[in-house]
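Colleague: Numbering (full-length UniProt numbering), first residue to last: 1 to 745.
From the three backbone atoms N, C-alpha and C, an ideal C-beta is built for every residue, glycine too.
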Ligand code: GLC
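#1: Are residue 358 and residue 376 closer than 8 Å when you measure CB to CB?
#2: Between residue 511 and the ligand GLC, is the CB less than 7 Å from at least one heavy atom?
#3: Note down, one range per segment and in chain order, each alpha helix (DSSP H) of at least 4 residues found wholly within the UniProt domain "Glycosyl hydrolase family 31 C-terminal" (558-639).
#4: Name the two residues that bound the continuous beta strand (DSSP E) containing residue 97.
#5: Beta carbon of residue 201: closer than 7 Å to some heavy atom of the ligand GLC?
#6: Measure the C-alpha to C-alpha separation of residue 701 and residue 640 and round it to an integer number of angstroms.
#7: If you measure from the CB of residue 234, is any heavy atom of the ligand GLC nearer than 7 Å?
#8: Among 159, 77 and 487, whose alpha-carbon lies nearest the alpha-carbon of residue 127?
#9: To which residues does DSSP link residue 467 through a beta bridge?
#10: Is the CB of residue 474 under 8 Å away from at least one CB in chain C?
#11: Under the three-state reduction of DSSP, which class applies to residue 402: helix, strand or coil?
#12: Quick check on residue 620: buried or exposed, where buried means 16 or more other Cβ atoms within 10 Å of its Cβ?
#13: Can you tell me whether residue 508 is helix, strand or coil according to DSSP?
#14: Distance, Cα to Cα, residue 464 vs residue 599?
#15: Excluding sequence positions up to five away, which residues of its chain have a Cβ less than 7 Å from the Cβ of residue 392?
#16: Rounded to whole angstroms, what's the CA-CA distance from residue 179 to residue 462? Just pull it up for me.
#17: Using a Cβ-based criterion (distance less than 7 Å to any ligand heavy atom), does residue 326 qualify as near the ligand GLC?
#18: Does residue 89 come out as helix, strand or coil in the three-state DSSP assignment?
#19: Going residue by residue through the stretch 408-490, where are the continuous beta strand (DSSP E) segments of at least 3 residues, counting only ones entirely within it?
#20: Consult DSSP for residue 388 and reduce its assignment to one of helix, strand or coil.
#21: Would you identify the three-state DSSP class for residue 498, choosing helix, strand or coil?
#22: Examine the ligand GLC and report whether any of its heavy atoms sits within less than 7 Å of the Cβ of residue 505.
#23: Check the C-beta distance from residue 531 over to residue 519 and give it rounded, since I have them as a contact under 8 Å.
#24: So, with DSSP's three-state summary, where would you put residue 745?
#25: Going by C-alpha to C-alpha distance, which of 215, 738, 491 and 315 sits closest to residue 395?
#26: Report, in whole angstroms, the separation of the C-beta atoms of residue 508 and residue 208, which I expect to be a contact under 8 Å.
#27: Out of curiosity, what's the CA-to-CA distance linking residue 627 and residue 491?
#28: Starting from residue 728 and walking both ways along the beta strand (DSSP E), at which residues does that stretch end?
#29: Would you report the Cα separation of residue 225 and residue 110, rounded to the nearest angstrom?
#30: Go ahead and pull the three-state DSSP assignment for residue 200.
#31: Residue 273: buried (16+ other C-beta within 10 angstroms of its C-beta) or exposed?
#32: Sort 498, 195, 156 and 605 by Cα distance to residue 629 and report the nearest one.
#33: Note down, in chain order, each residue of its chain lying with its Cβ closer than 8 Å to the Cβ of residue 675, except the 5 sequence neighbours on either side.
#34: Could you tell me the alpha carbon to alpha carbon distance between residue 672 and residue 353, rounded to whole angstroms?
#35: Taking the continuous beta strand (DSSP E) assigned at residue 162, which residues delimit it?
#36: Where does the unbroken beta strand (DSSP E) through residue 157 begin, and where does it stop?
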């Protein structure tokens with residue numbers, strides 16, 4: 001059976017498809033139902049940017065039923081790029097590859113991989129003529145063949161009985177707002193989440209944590225957060241401490257706090273199956289663990305050995321889980337790191353039995369057969385799909401095969417943590433990071449990209465991946481700086497830190513067994529470069545925090561792919577190794593070994609090279625970038641607001657402000673400040689000041705508006721440095737809650 005849907009998506013179009021039934025809604029209202037009306041052609045129109053002429057029905061997306069579920073077919077025009085799809089490997093333009101939506105813990109992020117930890121099925125068809133955005137809302141398996149099999153066809157196989165497809169038109173900037181409207185606005189984070197963060201699997205005891213913290217302060221490398229990985233626990237039992245290695249966790253956390261550090265602990269969903277262990281016993285009593293078909297607990301093995309998985313699909317389990325965080329919060333832990341929540345499963349008794357069976361086939365003289373089998377045995381652990389091994393139950397009491405709802409497991413874990421923390425400390429903003437996610441995760445947590453490797457190729461891969469993730473509306477994201485697996489190299493750490501400094505989430509993390517990766521682990525020159533880069537990050541915090549705020553209001557992304565801003569310029573479709581960080585700053589990280597520069601594309605206007613101070617024209621350029629330099633450009637008619645870097649962040653009110661601008665006409669920047677951690681801003685305790693800079697015939701006009709909001713601002717020095725490309729204008733003034741307006745000749 002073949003269904004065709006065609007409708008002009010001027011706002012948000014939703015096609016809700018079930019077997020034999022489809023309903024189309026537009027911005028909430030049902031616009032066409034039942035299906036026959038669509039087929040009779042009454043719902044006429046087109047979705048701009050998609051040429052359906054090949055199907056003979058201009059403006060249609062065809063949806064066919066298949067043995068596994070459905071097939072969605074979209075015809076692509078030659079000049080259309082397909083962008084988005086979240087956490088995937090490869091170029092930002094997704095044409096020419098296969099992508100699977102099925103959350104998977106795979107530490108190998110090499111180019112052949114088609115799926116990783118998250119499902120973010122938001123994609124954009126962009127051509128110089130127009131743009132359409134889509135969100136495939138489906139918690140089960142789907143596979144996107146983006147012009148791979150047929151170079152002009154996007155084919156989506158959706159497994160299961162139903163899905164929703166949303167369509168949106170507009171500019172990419174308008175579409176992202178509609179995505180926020182559908183899936184939720186990014187949460188507003190504490191200011192210290194923008195600080196530099198240091199992690200390692202593991203700092204296994206009190207001494208090693210204190211050593212790292214003291215080193216940071218001694219060397220005056222700004223740092224706000226230290227992480228405790230799985231070894232702080234007793235036998236990998238979540239919500240416990242290892243009494244030998246951390247005899248007095250409260251005092252460690254207190255001492256770190258006095259030094260200006262926040263502590264974040266890892267929490268995995270796998271609850272060790274151990275008699276007498278409180279979390280296990282409680283979970284059994286509350287009946288919140290995932291079950292097998294016969295109603296008995298599903299028993300996977302993860303870090304702690306045999307474990308149970310909370311069934312986060314229902315609110316009872318979420319509530320129970322969220323409340324478990326209370327003790328850690330009361331002990332002073334500031335944030336939580338949700339890991340292994342795809343969920344990752346090492347093995348089960350059944351898969352081990354399978355393995356033994358397979359091993360029987362390994363014969364000494366088996367030749368090629370044994371060799372193949374060997375390969376299969378080795379890959380069994382990583383790629384074995386447990387999706388059909390257990391079930392989850394939703395709030396309506398409906399039982400779902402895990403495979404059908406797998407992609408929202410990590411999402412619902414993050415939701416449980418968010419809601420729990422909001423109950424436990426309603427006045428504090430939530431800091432929680434997650435490895436697995438689904439579209440909408442921006443409401444609950446920060447998404448980091450998991451176990452990358454210390455390879456130059458992966459540094460480039462991350463530059464692209466964070467942009468694809470952002471396009472799904474997941475504004476606050478980042479990756480393990482320096483690379484997680486493998487041994488990092490000094491030059492790689494320097495270059496990766498230069499990229500990390502322009503990511504929302506900026507954390508150095510590395511795996512057990514790899515060489516140390518802290519800023520001082522290489523040589524003096526590398527340490528100097530890392531320190532200088534981290535200081536640059538801290539100096540830009542007034543700008544970055546304001547960008548964070550704007551994003552949390554659902555207005556914009558923090559990381560902006562060039563194609564989002566200049567969709568009419570085809571060169572931006574390829575320029576995916578650079579991006580805008582906020583509205584003003586172009587970042588072009590260096591990602592090759594022994595490089596002393598790189599190619600940069602500057603679209604749309606003239607740019608101010610922040611390293612040389614020169615004006616650079618729109619177009620393709622070579623940027624000089626010795627090891628201590630990251631190519632950075634300020635867009636024409638835009639501003640940067642910075643301050644003196646500090647060692648750590650106590651609030652988001654800046655006592656010194658520097659406004660730097662490249663202004664030929666007029667520009668504005670909204671500077672947002674508040675206490676940096678609490679919810680008081682929701683009751684008016686914030687300051688929003690609009691900084692306007694305008695070029696006059698005989699100089700520059702600077703206007704800093706009186707503040708919106710009731711936060712008491714100190715009188716502070718503002719230094720201003722504006723260029724119009726020919727002449728530089730400088731002055732200093734004093735600003736507080738009131739406004740200031742001056743012209744500089
Ligand atoms: C997973 C995480 C990694 C962590 C490790 C140990 O591999 O992705 O970040 O360090 O587990 O907990």
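Modeller: Quick look at the numbers:
#1: Numbered from 1 along the chain shown, position 358 holds the residue referred to as residue 358. Numbered from 1 along the chain shown, position 376 holds the residue referred to as residue 376. Between residue 358 and residue 376, the CB-CB gap stays under 8 Å.
#2: Taking the chain shown and counting its residues from 1, the one referred to as residue 511 is at position 511. Yes, the Cβ of residue 511 comes within 7 Å of a heavy atom of the ligand GLC.
#3: Runs found: 562-565 and 571-574.
#4: To locate residue 97, count along the chain shown from 1; it is residue 97. Note, residue 97: beta strand (DSSP E), 97-101.
#5: Locating residue 201 in the chain shown gives position 201, counting from the first residue. Yes, since a heavy atom of the ligand GLC falls inside the 7 Å radius drawn around the Cβ of residue 201.
#6: Taking the first residue of the chain shown as position 1, residue 701 is located at position 701. Taking the first residue of the chain shown as position 1, residue 640 is located at position 640. Cα-Cα distance, rounded: 16 Å.
#7: As a working mapping, residue 234 is identified with position 234 in the chain shown. No, since every heavy atom of the ligand GLC falls outside the 7 Å radius drawn around the Cβ of residue 234.
#8: Working through the chain shown from its first residue, we reach residue 127 at position 127. Per the C-alpha coordinates, the member of 159, 77 and 487 positioned closest to residue 127 is 77.
#9: Reading the chain shown from its first residue, position 467 is the one you call residue 467. Beta-bridge pairing links residue 467 to no other residue.
#10: Chain labels in this structure do not include chain C; a single protein chain is all it has.
#11: Position 402 of the chain shown, counting from 1, holds the residue named residue 402. The answer is helix: DSSP assigns residue 402 an H, G or I state.
#12: Counted from its first residue, the chain shown places residue 620 at position 620. Result: exposed.
#13: Counting from 1 along the chain shown, the entry for residue 508 is found at position 508. Residue 508: strand per DSSP, three-state reduction.
#14: For the purposes of this step, residue 464 is taken as the residue at position 464 of the chain shown. For the purposes of this step, residue 599 is taken as the residue at position 599 of the chain shown. When rounded, the separation of the alpha-carbon atoms in residue 464 and residue 599 is 16 Å.
#15: Taking the chain shown and counting its residues from 1, the one referred to as residue 392 is at position 392. Excluding positions up to five away in sequence, the list reads 290, 311, 313, 400, 402 and 405.
#16: What you label residue 179 is simply residue 179 of the chain shown in a count that begins at 1. What you label residue 462 is simply residue 462 of the chain shown in a count that begins at 1. Here the alpha carbons of residue 462 and residue 179 stand approximately 23 Å from one another.
#17: Your numbering for residue 326 matches position 326 in the chain shown. Here the distance from the Cβ of residue 326 to the nearest heavy atom of the ligand GLC is not below 7 Å.
#18: Mapped onto the chain shown, residue 89 falls at position 89. In the structure shown, residue 89 falls within a coil segment according to DSSP collapsed to helix, strand and coil.
#19: The beta strand (DSSP E) runs lying completely inside the stretch 408-490 and spanning 3 residues or more are 432-434 and 446-448, given in chain order.
#20: Within the chain shown, numbered from 1, the residue matching residue 388 stands at position 388. Correct three-state label for residue 388: coil.
#21: Taking the first residue of the chain shown as 1, we reach residue 498 at position 498. Residue 498: helix per DSSP, three-state reduction.
#22: Taking the chain shown and counting its residues from 1, the one referred to as residue 505 is at position 505. No.
#23: Taking the first residue of the chain shown as position 1, residue 531 is located at position 531. Taking the first residue of the chain shown as position 1, residue 519 is located at position 519. At roughly 6 Å, the Cβ-Cβ gap stays under 8 Å, so residue 531 and residue 519 are in contact.
#24: Locating residue 745 in the chain shown gives position 745, where the first residue counts as 1. Coil at residue 745, not helix or strand.
#25: Position 395 of the chain shown, counting from 1, holds the residue named residue 395. Distance from the Cα of residue 395 is smallest, within the candidate group 215, 738, 491 and 315, for 315.
#26: Start at 1 with the first residue of the chain shown, and residue 508 comes out as number 508. Start at 1 with the first residue of the chain shown, and residue 208 comes out as number 208. Residue 508 to residue 208, Cβ: 15 Å. No contact.
#27: Position 627 of the chain shown, counted from the start, is the residue given in the question as residue 627. Position 491 of the chain shown, counted from the start, is the residue given in the question as residue 491. Residue 627 and residue 491 have their alpha carbons spaced roughly 8 Å apart.
#28: Position 728 of the chain shown, counted from the first residue, corresponds to residue 728. Membership of residue 728 in the beta strand (DSSP E) is indicated by the continuous run 728-735.
#29: Within the chain shown, the letter at position 225 stands for residue 225. Within the chain shown, the letter at position 110 stands for residue 110. Distance between the alpha carbons of residue 225 and residue 110: 30 Å.
#30: Position 200 of the chain shown holds residue 200. When DSSP states are grouped into helix, strand and coil, residue 200 belongs to the coil group.
#31: Taking the first residue of the chain shown as 1, we reach residue 273 at position 273. Under the 10 Å beta carbon count, residue 273 is surrounded by 16 or more other beta carbons and is classified as buried.
#32: In the chain shown, the residue the question calls residue 629 occupies position 629. Taking each of 498, 195, 156 and 605 in turn and checking the Cα distance to residue 629, the smallest one comes out for 498.
#33: For the purposes of this step, residue 675 is identified with residue 675 of the chain shown, where counting begins at 1. Excluding the 5 residues flanking it on each side, residue 675 has same chain C-beta neighbours closer than 8 Å at 651, 652, 653, 681, 685 and 711, in chain order.
#34: As a working note, residue 672 is residue 672 in the chain shown. As a working note, residue 353 is residue 353 in the chain shown. Looking at the backbone, the Cα of residue 672 and that of residue 353 are separated by about 59 Å.
#35: By one-based count along the chain shown, residue 162 stands at place 162. Note, residue 162: beta strand (DSSP E), 162-169.
#36: In the chain shown, residue 157 corresponds to position 157, counting from 1. Its beta strand (DSSP E) spans residues 153-159.
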